[in-house]
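Enquirer:
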Amino acid sequence: MSAEERKDWDTYFMDIAYMVSTRSRCPRRHVGAVLVQGKKLLGTAYNGAPSGVPDCSEAGCMISEEVELVVTDGREEMVKKQRCIRTIHAEQNLLLFTDRIDREGSTVYVTDEPCWTCSNMLANSGIVEVIYHRSYPKDEGKVKKLMEQKGIVFRQMDNYEPPHQTRMKVSN
Ligand SMILES: [Zn+2]
Ligand SMILES: [Zn+2]
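Residue 172, in full-length UniProt numbering, is where the sequence shown stops; the numbers in between run on with no holes.
1. For my contact list, Thr87 and Asn120 are in at a C-beta cut-off of 8 Å; report their separation, rounded to the angstrom.
2. Can you list, in chain order, the residues of its chain with a C-beta nearer than 6 Å to that of Ile16? Leave out the 5 residues immediately preceding and following it.
3. Take the Cβ of His164 as the centre, count every other Cβ of all protein chains shown within 10 Å, and call the residue buried at 16 or more, exposed below.
4. Quick check on Phe97: buried or exposed, where buried means 16 or more other Cβ atoms within 10 Å of its Cβ?
5. May I ask whether a heavy atom of ligand 2 can be found less than 8 Å away from the beta carbon of Glu91?
6. Can you tell me which of the three DSSP states Arg134 falls into?
7. Buried or exposed: where does Glu58 fall if 16 or more other Cβ atoms within 10 Å of its Cβ makes it buried?
8. In terms of residues, what are the limits of the beta strand (DSSP E) holding Cys84?
9. Shorter than 8 Å, the distance from the beta carbon of Thr117 to the closest heavy atom of ligand 2, or not?
10. Does the distance from the C-beta atom of Val31 to that of Ala123 stay below 9 Å?
11. What does DSSP give as the partner residue(s) for Val67 in the beta ladder?
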């Protein structure tokens with residue numbers, strides 16, 4: 001992109017969400033989320049342990065193993081999955097650190113497609129639009145249905161390249 005070329009608003013706010021995600025200390029996942037009303041930035045958050053308690057970089061990830069039903073081509077299979085439960089998800093932190101009045105009618109930009117729990121909370125938070133970049137297929141079906149039921153615009157940014165310095169390798 002040339003210096004004179006201005007970024008569109010989606011790119012601008014998603015870039016900020018990615019910058020925010022670099023604050024995360026969980027080596028498994030770096031997620032950033034921002035709250036936007038009109039063109040105004042009203043809040044930023046990333047996934048992390050509650051403030052004042054050791055985070056993943058100090059205490060290690062807190063791994064929880066879960067068994068999950070996966071349906072592929074109509075065939076059901078139980079798959080074991082590990083995830084870090086030490087952190088509060090970025091979307092939940094965003095809700096904890098913003099006011100309801102600011103959220104009413106607002107948009108959330110989030111680096112990763114929200115999980116089911118975050119989506120359920122976002123659906124009840126006053127926001128009207130969720131824009132994400134990376135897919136999270138695990139919960140996608142039920143999340144999309146919920147957003148549709150709530151009339152929340154749920155949109156993935158295609159052809160988007162995160163700022164180079166925000167890229168990290170994550171292990172799932
Ligand atoms: Zn972790
Ligand atoms: Zn979540």
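The beta carbon of each residue, even a glycine, is placed where N, CA and C say it ideally should be.
Expert: Walking through what the data contain:
1. The sequence position of residue 87 within the sequence shown is 87, counting from 1. The sequence position of residue 120 within the sequence shown is 120, counting from 1. Contact check for Thr87 and Asn120: beta-carbon distance about 18 Å, past the 8 Å limit, so the pair fails to qualify.
2. What you label residue 16 is simply residue 16 of the sequence shown in a count that begins at 1. Contacts found: Val34.
3. Here the question's residue 164 lines up with position 164 in the sequence shown. His164 is classed as exposed because its beta carbon has fewer than 16 other beta carbons within 10 Å across all chains shown.
4. For the purposes of this step, residue 97 is identified with residue 97 of the sequence shown, where counting begins at 1. Taking all protein chains in view, the Cβ of Phe97 is surrounded by fewer than 16 other Cβ atoms within 10 Å, so the residue is classified as exposed.
5. Here residue 91 refers to the residue found at position 91 of the sequence shown. For ligand 2, a non-hydrogen atom lies closer than 8 Å to the CB of Glu91.
6. As a working note, residue 134 is residue 134 in the sequence shown. Residue state for Arg134 is assigned as strand, using DSSP reduced to three classes.
7. Taking the sequence shown and counting its residues from 1, one reaches residue 58 at position 58. Exposed.
8. Mapped onto the sequence shown, residue 84 falls at position 84. Where Cys84 is concerned, the enclosing beta strand (DSSP E) stretches over 75-84.
9. As a working mapping, residue 117 is identified with position 117 in the sequence shown. The answer is yes for Thr117.
10. Taking the sequence shown and counting its residues from 1, the one referred to as residue 31 is at position 31. Taking the sequence shown and counting its residues from 1, the one referred to as residue 123 is at position 123. In this structure, Ala123 does not lie closer than 9 Å to Val31 by Cβ.
11. Along the sequence shown, read from residue 1 onward, the residue named residue 67 stands at position 67. Beta-bridge pairing links Val67 to Lys80.
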